[in-house]
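Written below as structure tokens is the structure these notes are about.
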Amino acid sequence: MAQGLQCWNAAGQIVVDLGDYNMRYMGATSLSIASGTTNTWGVAFGGMRTTGWLAVPRSVAWGTEFYCIPGNDAFTVRYTPTGYISARTVIFDVYSFG
173 MAQGLQCWNA AGQIVVDLGD YNMRYMGATS LSIASGTTNT WGVAFGGMRT
223 TGWLAVPRSV AWGTEFYCIP GNDAFTVRYT PTGYISARTV IFDVYSFG
């Protein structure tokens, strides 16, 4: 059972959310990256939504160089360093929560 603390302001907007959400593993997908200067890619993942979902890079060697932005039926992967990227395949684990 999820537990936590949530507080709203007078306008009904949530201002504090210390919730403990149950997460469900939804699957994994991979992204094959060619060497070059591109630093943004789209990855399809059916059922994904902009809220209540997240994708996490599984690859330890490159896990801190990528971040993901959830979308509808897909997510965007961004490479944080600027400039050249070497060819590689990155695996992402996808979760839903809420």
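With the first letter of the sequence shown counted as 1, position 35 gets the number 207 in this note's numbering; the numbers rise by one all the way through. Cβ atoms here follow ideal geometry from the backbone N, Cα and C, with glycine treated the same way.
field: Contact under 7 Å by Cβ, ASP192 with GLY214
entry: Within the sequence shown, the letter at position 20 stands for residue 192. Within the sequence shown, the letter at position 42 stands for residue 214. No, these two residues do not count as a Cβ contact at 7 Å.
field: 7 Å Cβ shell around GLU237 - same chain, five flanking residues per side excluded
entry: Counted from its first residue, the sequence shown places residue 237 at position 65. Non-local C-beta neighbours of GLU237 in its own chain, meaning closer than 7 Å and more than five positions away in sequence, comprise TYR251, THR252, PRO253, ordered along the chain.
Cutoff 7 Å; reference SER231; Cβ partners in own chain excluding five residues on either side: To locate residue 231, count along the sequence shown from 1; it is residue 59. Answer for SER231: VAL262, ILE263, listed in chain order.
message: Output needed for CYS240: all residues of its chain with C-beta closer than 6 Å, excluding positions within five of it in sequence on either side, in chain order.
response: Looking up residue 240 in the sequence shown gives position 68. Answer for CYS240: ALA227, PHE247, VAL249, listed in chain order.
- prompt: Helix, strand or coil: how does DSSP classify TYR251 here?
  reply: For this step, residue 251 is matched to residue 79 along the sequence shown. Note: TYR251 maps to strand in three-state DSSP.
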